[in-house]
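Right, one structure below, let's go through it.
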Amino acid sequence: MHLKRLDIIVKVASRCNLDCTYCHWFRDPEVLRLPKTLSPALEEMLFEKLAALIASHQLEHLNLILHGGEPLLFGYRRLAAFLQKAQQLATRSGCRIRCNITTNGVLLNDRLLSLFRQFQVGIAISVDGPKSVHDKYRITVNGKGSYDKVIEAIDRCRSAGIEPALLCVADPSASGKALVKFFADELGSKRFDFLIPNFTRDDEGVASIAQFHIEAFETWFHHYWPKGVVIRHLEGMVEGLLGLTPQIETFGTSNVAAVVIQPDGAIEPHDVLRICGHDAVDTGLNLMDDAIEAIFQHPLWLTPFQAKRHLPENCRQCEFSASCAGGYVMHRYSKTNGFHNSSLYCEDIQQISRHIYDTLLSSMYVEVEG
Ligand code: SF4
Numbered sequence: 038m039h040l041k042r043l044d045i046i047v048k049v050a051s052r053c054n055l056d057c058t059y060c061h062w063f064r065d066p067e068v069l070r071l072p073k074t075l076s077p078a079l080e081e082m083l084f085e086k087l088a089a090l091i092a093s094h095q096l097e098h099l100n101l102i103l104h105g106g107e108p109l110l111f112g113y114r115r116l117a118a119f120l121q122k123a124q125q126l127a128t129r130s131g132c133r134i135r136c137n138i139t140t141n142g143v144l145l146n147d148r149l150l151s152l153f154r155q156f157q158v159g160i161a162i163s164v165d166g167p168k169s170v171h172d173k174y175r176i177t178v179n180g181k182g183s184y185d186k187v188i189e190a191i192d193r194c195r196s197a198g199i200e201p202a203l204l205c206v207a208d209p210s211a212s213g214k215a216l217v218k219f220f221a222d223e224l225g226s227k228r229f230d231f232l233i234p235n236f237t238r239d240d241e242g243v244a245s246i247a248q249f250h251i252e253a254f255e256t257w258f259h260h261y262w263p264k265g266v267v268i269r270h271l272e273g274m275v276e277g278l279l280g281l282t283p284q285i286e287t288f289g290t291s292n293v294a295a296v297v298i299q300p301d302g303a304i305e306p307h308d309v310l311r312i313c314g315h316d317a318v319d320t321g322l323n324l325m326d327d328a329i330e331a332i333f334q335h336p337l338w339l340t341p342f343q344a345k346r347h348l349p350e351n352c353r354q355c356e357f358s359a360s361c362a363g364g365y366v367m368h369r370y371s372k373t374n375g376f377h378n379s380s381l382y383c384e385d386i387q388q389i390s391r392h393i394y395d396t397l398l399s400s401m402y403v404e405v406e407g
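Counting from 1, position 47 in the sequence shown corresponds to residue 84 in our numbering; the numbering is continuous, with no gaps.
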């Protein structure tokens with residue numbers, strides 16, 4: 038396998054200071070057996086293995102995404118040492134290493150922000166909408182909402198000269214129009230994303246996402262896209278329907294290519310696969326014994342990859358097959374068929390795609406020269 042760039046999600050902390058109702062991480066009770074943080078010895082081993090990986094693949098870009106649980110529970114001192122090591126490795130190897138952190142924002146403070154600015158760390162903060170929506174889902178263990186702290190964190194980032202990306206797990210019963218306006222106007226964000234709730238085909242009572250996304254698209258496309266506002270998932274759907282290759286995993290042909298390093302050193306495929314059960318990620322590979330690239334030969338890595346290339350009959354016959362390509366591979370999983378299904382959100386995707394496609398058709402014009 039020849040690699041030019043790679044995303045590695047490093048789970049530096051396994052616990053969280055929030056107890057969000059939909060969290061895919063804690064749906065797998067096995068995560069509670071993990072050490073609370075990545076140990077210094079494993080961190081050392083991680084950088085050794087990364088150096089070997091970069092050298093053997095002449096890797097040009099490496100994206101290290103610090104994740105959890107809540108990655109800020111790793112603490113200032115450990116984060117500073119980690120970022121320093123990443124910078125040293127980039128200098129030694131010539132590989133462009135970018136560090137990013139995905140946080141709930143609650144523990145962000147000025148000291149951490151000046152560290153992140155020093156190492157040019159990209160920050161993504163989870164916020165699910167206005168207080169009434171956010172505080173329904175993103176709660177502390179005592180059931181209190183986290184909205185006020187998160188807004189404070191966004192303000193702090195901006196005062197430190199950092200514009201965070203905002204990630205919203207979109208409540209399908211919320212108004213798409215109101216949420217787009219909230220992020221763009223009230224929070225003043227130019228770049229945010231609506232994530233689809235993660236479920237498998239075995240989950241019952243999963244709400245339709247069609248109305249939310251159609252409303253969000255209408256509002257964004259006609260009012261905010263012309264102002265330079267990017268909603269990554271909707272932009273990806275537009276690109277896919279225009280015949281381009283969107284850089285999103287939830288729609289289209291791009292694969293779920295991130296490697297995950299757990300706090301116990303386990304080397305695993307993408308974390309969201311946990312919704313298919315612990316067996317879907319339990320490779321038995323570990324930094325202490327294996328090279329990171331050993332994952333690329335592992336059946337648990339290869340199976341979802343192959344599922345993207347081998348669509349079931351109804352996907353192959355579908356008018357949106359080229360743009361949707363079965364949707365997010367995790368949403369295709371069932372215990373009986375594995376990944377050999379269309380997406381759990383298939384009907385919704387068709388409805389949203391048809392709406393976007395018709396809108397694009399009626400908005401496009403062709404210029405003929407001469
Ligand atoms: S819309 Fe449904 S049938 Fe069509 S490609 Fe996507 S998941 Fe498959």
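Backbone N, C-alpha and C fix where the C-beta goes; we use that ideal spot for every residue, glycine too. From a predicted model like this one, the values you see are computed outputs, not experimental measurements.
Item                                                                                                                             : Value
CA nearest to the CA of residue 104, picked from 375, 146, 119 and 235                                                           : 119
beta-carbon residue 35 near ligand 1 non-hydrogen atom, thresh 8 Å                                                               : Within the shown structure, residues of the chain are numbered from 38 to 407, placing residue 35 beyond reach of any answer.
For residue 116 and residue 73, the rounded distance between their alpha carbons                                                 : 14 Å
Neighbourhood of residue 303 by C-beta, 6 Å cutoff - its chain only, sequence neighbours within 5 removed                        : 323
Pick from 85, 48, 350 and 363 that is closest to residue 139, judged by C-alpha positions                                        : 48
Beta-carbon proximity list for residue 75, same chain, < 6 Å, skipping 5 on both sides                                           : 49 and 300
Nearest-angstrom Cα separation, counted from residue 137 out to residue 85                                                       : 20 Å
Coarse secondary structure for residue 205, derived from DSSP in three states                                                    : strand
Three or more C-beta pairs below 8 Å linking the region 215-230 and the region 265-283                                           : yes
Three CB pairs or more closer than 8 Å across the region 147-161 and the region 171-183                                          : no
Residue 134 beta carbon less than 9 Å from that of residue 160                                                                   : no
Contact the region 244-256 vs the region 281-295: 3+ CB pairs below 8 Å                                                          : no
DSSP state of residue 377 mapped onto helix, strand, coil                                                                        : coil
Residue 365 at chain B interface by Cβ criterion, 9 Å                                                                            : No chain B appears in the structure shown, which is made up of a single protein chain.
Bounding residues of the beta strand (DSSP E) (the contiguous stretch that carries residue 136)                                  : 133-140
Buried or exposed by the 16-neighbour rule on C-beta atoms within 10 Å, applied to residue 275                                   : buried
Status (buried if at least 16 other CB within 10 Å, exposed otherwise) for residue 345                                           : buried
Extent of the continuous beta strand (DSSP E) run through residue 161                                                            : 159-163
Residue 146 classed as buried or exposed, judged by whether at least 16 other C-beta atoms fall within 10 angstroms              : exposed
Cutoff 6 Å; reference residue 46; Cβ partners in own chain excluding five residues on either side                                : 102, 104, 295 and 297
Sub-9 Å separation of residue 213 and residue 207 beta-carbons                                                                   : yes
Span of the beta strand (DSSP E), counted from its first residue to its last, around residue 231                                 : 228-232
Beta-carbon contacts of residue 67 that lie in its chain and below 7 Å, excluding the five residues immediately before and after : 315
Residue 235: CB within 8 Å of a non-hydrogen atom of ligand 1                                                                    : no
Euclidean distance between Cα positions of residue 59 and residue 114                                                            : 30 Å
Distance between beta carbons of residue 144 and residue 96, contact taken as under 8 Å                                          : In fact, because the Cβ distance is near 31 Å, the residues do not count as touching under 8 Å.
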